[in-house]
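These protein sequence lines map, in sequence, to chains P and D.
In this text, residue positions in the first sequence follow my numbering: the first is 495, and each later residue adds one.
In this text, residue positions in the second sequence follow my numbering: the first is 8, and each later residue adds one.
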Amino acid sequence: MRRSWVSFWLFVGPCLTAFIIVVIIPLLFGIYYSFTNWNGINAEVDFIGLSNYAKLLKDVHFAKSFVFTVKFTLFSVFFINLIGFLLALLVTRGLKISNFLRTIFFMPNLIGGIILGFIWQFIFTGAFGALGEYTGLKFLMGWLSTTQTSFQALLILMIWQLSGYVMVIYIAAIQGIPRELIEAAEIDGAGSWMKVKNIVLPMVRPAFTVSLFLTLSNSFKLYDQNLSLTAGGPARSTEMLAMNIYNTAFSFMKMGEAQAKAVIFLIIVGFFTLSQVYVSKRGEVEM
Amino acid sequence: MKCRYFLSLLLVFLFPVTLWAAEIEVDVFQFKVETKDVLEKAAKMYMEEHPGIIVSIQTVGGGDDYGAALRSRFASGNEPTIFNIGGPQDVEDWIDYLEDLSDQPWVELAYRGVLDGVTVDGKIYGMPFNQEGYGFIYNKTIFEKAGIDAGKINSYDALVEALEILEARKGELGLKAPIAFAPKEKWITGLHLSNVAFSQEFGDVLTAYNAKEVDFTYGEEFKLLVDLQAKYAYKPSGLVSSLNAVDYAAQVEGLFSLEQVALMQQGNWVYNSVASMDEELARNIGILPIPLKGVVEDCIPVGIPMYWTINKNVPEEEKAAAKDFLNWLYTSPAGKELIINEFKFIPAIGGYDGLTPSDPLGQDVLKYSEAGKTMSWVFMGYPSGWGEQVLGANIQAYLAGDISWDELEEICKKEWSEARN
């Protein structure tokens, strides 16, 4: 009994200490600062109660970036998982070039977000513009200059980057499906679509839970791609929540208000992701 | 084996501590990315002349990022000796950390007005980096080919006339458009262009900093400058709204350096960027005034981008070394040589007789400065974030056609007054 107690803390202790130092304590500090008028420099801060929270209720930009973030998240979660799943189906069909394709699809995920943003910025403005001039196709020109094209550009970038990643999760799940189930279905005369719908989809439910969670929280907390691709422009219309918080803190220098926003942000992300996990968990089937 | 491993680890930890004890370390935390390499070179030269002092340079990119990084440096307890501030707002925020520099020898050499932004109750807290000026940078070769005399462009109407000639003959001159305009960079419109109007409304940076309200006294004239650039600018899709996708790189390194446009609103800091693209071109460029119609039409804004400050909470000998380093850099013969020829700075303090900027943009700024044809920089006196996130962002909305100019003025006035009251 005593031995297991020792090994329990030996394993959990270091992790827990790190977690408390870099997550829990800053979180508590953050909550404390959200009730103050701290400017990020001075040691003396005044406690001002809930007025930071009252201010953010009236902040139109915060509301706008919330709506934009939710819209973006809905689209990106849907498309990333759809495309990731389709890619996984494609590369598990036993094609000769499967391994090659897997590598290619996963590759975008190896590039950092900031760099990706700049690469795609060049593609959208430079390459699209040149193509547009050459072919005379008007819709290729002036990308990133309107809210609509900036939104689509962000979406394309995220789908391109994350589809390969969730693909890997789906591949693992699909390969974990017992061969005999599929064979039995084949003997019963099921076609490709029937197999996917009645066997593959239910069997990979746990992978859906994980992938949905990952893409949901990643899209919600997106910052670097947002910064390097659109920087919130034009006219702050593609500013997502994380960037809105950063700007409040470091452009407007309102640390307290930014902290209050960050606390609200934490609650929102927690609510969305936890309820998603709860809902998707319920539909999982046990073997 | 284990013991040796442990010992070496201990040594690694102790090493910096022993260094600390033996020498004075001046820790510089600065924002000017363009001059990172030469500043490091200057530090090395200084260290060779002054054994026992270590000058270490750390550079973090300009604008917001520097402010954020500086705050975290101080919050972490690892406070730098020398750091940078921008203007009155920074002085107020950082006052508990600023050493009074009023007794320094360079103070009496400083040009008139350059210390206003960092003077509180007669005490001077910052040393000016350099002077910078901006206007419409133009391509002399293209102007000659088009038969335009740049010397005569000293009014709004003359500028419009020149733009019209360029527009009419852009085919034969090989231009995509007369001018490159980059409103995606909110500082180009929200800070620099707006400064032309607000320097006339406020006069100087401290008045702007203390102003409870902004009136847009010259709002109409400011609008003319935005509209003029939008009209004659290269627009990626042909629509005005597509200007919102044009950024600094597209404007400076793309359109202007490839000679696809003849003009752009930029400052003398772009010289190195243009030269790295096309040295021949970089020798043949100059600066034209930004005319505020009917108000001032032949001046360019010249100001101080940033100030050096010394942390007053570090040990005395470290402070003394820091002051000596800055003095050496800006007033010793070797330092002056560096400032002019390597940093390519236009000094904000006197005593540089016989040393003139080597690049044509710097020379032009100096010419305007000597002729008294300058206006001050007041944008450091705008409320935090207002210039870029409010005015600059709303100019994007105006160009996209989402709001009218009147609405823009309304929104910006309201945000200013909310920030100040």
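Each residue gets a CB set at the ideal place from its N, CA and C atoms; glycine is no exception.
{"Check": "Under the rule that 16 or more other beta-carbon atoms within 10 Å means buried, what is Tyr141 (chain D), buried or exposed?", "Outcome": "buried"}
{"Check": "Quick one: grab the DSSP three-state call for Leu742 (chain P).", "Outcome": "For the record, residue 742 (chain P) in the displayed sequence is Thr; it is not Leu. It is helical."}
{"Check": "Indicate the three-state DSSP secondary structure (helix, strand or coil) for Asn161 (chain D) in the structure shown.", "Outcome": "coil"}
{"Check": "Three or more beta-carbon pairs under 8 Å between the region 537–546 of chain P and the region 608–620 of chain P, yes or no?", "Outcome": "no"}
{"Check": "What residue range does the alpha helix (DSSP H) around Ile347 (chain D) cover?", "Outcome": "340–348"}
{"Check": "Classify Gly578 (chain P): buried if its beta carbon has 16 or more other beta carbons within 10 angstroms, exposed otherwise.", "Outcome": "buried"}
{"Check": "Tell whether a beta-carbon distance below 8 Å holds between Ile307 (chain D) and Ile292 (chain D).", "Outcome": "no"}
{"Check": "Determine, for Ala729 (chain P), whether the minimum Cβ-Cβ distance to residues of chain D falls below 8 Å.", "Outcome": "yes"}
{"Check": "DSSP three-state label for Glu139 (chain D), please.", "Outcome": "strand"}
{"Check": "So Leu198 (chain D) packs on Ile186 (chain D), CB below 8 Å; how close in whole Å?", "Outcome": "With 8 Å as the limit, Leu198 (chain D) and Ile186 (chain D) do not qualify as a contact, their Cβ atoms being about 19 Å apart."}
{"Check": "Give the straight-line distance between the Cα atoms of Lys565 (chain P) and Arg730 (chain P), rounded to the nearest whole angstrom.", "Outcome": "16 Å"}
{"Check": "Bridge partners of Met134 (chain D), per DSSP?", "Outcome": "D:Trp315"}
{"Check": "Is the CB of Ile519 (chain P) under 8 Å away from at least one CB in chain D?", "Outcome": "no"}
{"Check": "Taking the alpha carbon of Pro696 (chain P) as the point to measure from, which residue in P:Ser713, P:Leu589, P:Gly726, P:Tyr664 has its own alpha carbon closest?", "Outcome": "P:Tyr664"}
{"Check": "Can you look up Leu26 (chain D) in the DSSP assignment and give me helix, strand or coil?", "Outcome": "With a pLDDT of only 48 at Leu26 (chain D), under the threshold of 50, the placement of this residue in the model should not be trusted, and no figure is reported."}
{"Check": "Do you know offhand how far Met635 (chain P)'s Cα is from Asp413 (chain D)'s?", "Outcome": "29 Å"}
{"Check": "Looking only at C-alpha atoms, which of D:Lys242, D:Ser206, D:Ser201 sits nearest to Lys183 (chain D)?", "Outcome": "D:Lys242"}
{"Check": "Use the C-beta contact count for Gly342 (chain D): other C-beta atoms within 10 angstroms, 16 or more gives buried, fewer gives exposed.", "Outcome": "buried"}
{"Check": "Which of the three DSSP states is assigned to Phe502 (chain P) in this structure?", "Outcome": "helix"}
{"Check": "Please report the distance separating the alpha-carbon of Lys191 (chain D) from that of Leu250 (chain D).", "Outcome": "7 Å"}
{"Check": "Please report the Cβ distance between Ile608 (chain P) and Ser722 (chain P), rounded to the nearest whole angstrom; I am assuming they are in contact, meaning their Cβ atoms lie under 8 Å.", "Outcome": "5 Å"}
{"Check": "Going by beta carbon distance, what residues of the same chain come within less than 7 Å of Lys748 (chain P), once the five residues before and after it are set aside?", "Outcome": "Thr742"}
{"Check": "Based on the DSSP output, what are the partners of Met382 (chain D) in its beta bridges?", "Outcome": "D:Pro308"}
{"Check": "Span of the alpha helix (DSSP H) holding Leu625 (chain P)?", "Outcome": "622–629"}
{"Check": "Closest Cβ-Cβ distance between Ala117 (chain D) and chain P: below 8 Å?", "Outcome": "no"}
{"Check": "Less than 8 Å between C-beta atoms, sequence neighbours within five positions excluded: which residues of the same chain meet that for Ile410 (chain D)?", "Outcome": "Asn401, Ala404, Ile418"}
{"Check": "Taking the alpha carbon of Lys558 (chain P) as the point to measure from, which residue in P:Ile762, P:Glu778, P:Ser774, P:Leu735 has its own alpha carbon closest?", "Outcome": "P:Leu735"}
{"Check": "Can you pull the chain D neighbours of Lys689 (chain P), defined as C-beta to C-beta under 7 Å?", "Outcome": "By Cβ distance, chain D contributes nothing, its closest Cβ being about 46 Å from Lys689 (chain P), past 7 Å."}
{"Check": "Does the contact criterion of 3 or more C-beta pairs under 8 Å hold for the region 520–529 of chain P versus the region 711–722 of chain P?", "Outcome": "no"}
{"Check": "Report yes or no: do the region 311–323 of chain D and the region 89–102 of chain D share at least 3 C-beta pairs separated by less than 8 Å?", "Outcome": "yes"}
{"Check": "Show which residues of chain B have a CB atom less than 8 Å away from the CB atom of Lys319 (chain D).", "Outcome": "Absent here is chain B; the protein component of the structure consists of chains P and D."}
{"Check": "Along the alpha helix (DSSP H) that carries Ser63 (chain D), what are the first and last residues, could you check?", "Outcome": "Premise fails: Ser63 (chain D) lies in the beta strand (DSSP E), 60–66, not in any alpha helix (DSSP H)."}
{"Check": "Pick out whichever of D:Leu231, D:Glu174, D:Gln207 has its Cα sitting closest to the Cα of Val221 (chain D).", "Outcome": "D:Gln207"}
{"Check": "Give the interface partners of Glu32 (chain D) over in chain P, defined as CB-CB distance under 9 Å, in chain order.", "Outcome": "In chain order: nothing, as chain P lies at least about 23 Å away."}
{"Check": "Report the option in D:Leu235, D:Ile311, D:Ser248 whose CA atom is closest to the CA atom of Ala407 (chain D).", "Outcome": "D:Ser248"}
{"Check": "Shortest alpha-carbon distance to Ser424 (chain D) belongs to which of D:Tyr255, D:Pro390, D:Gly399, D:Leu415?", "Outcome": "D:Pro390"}
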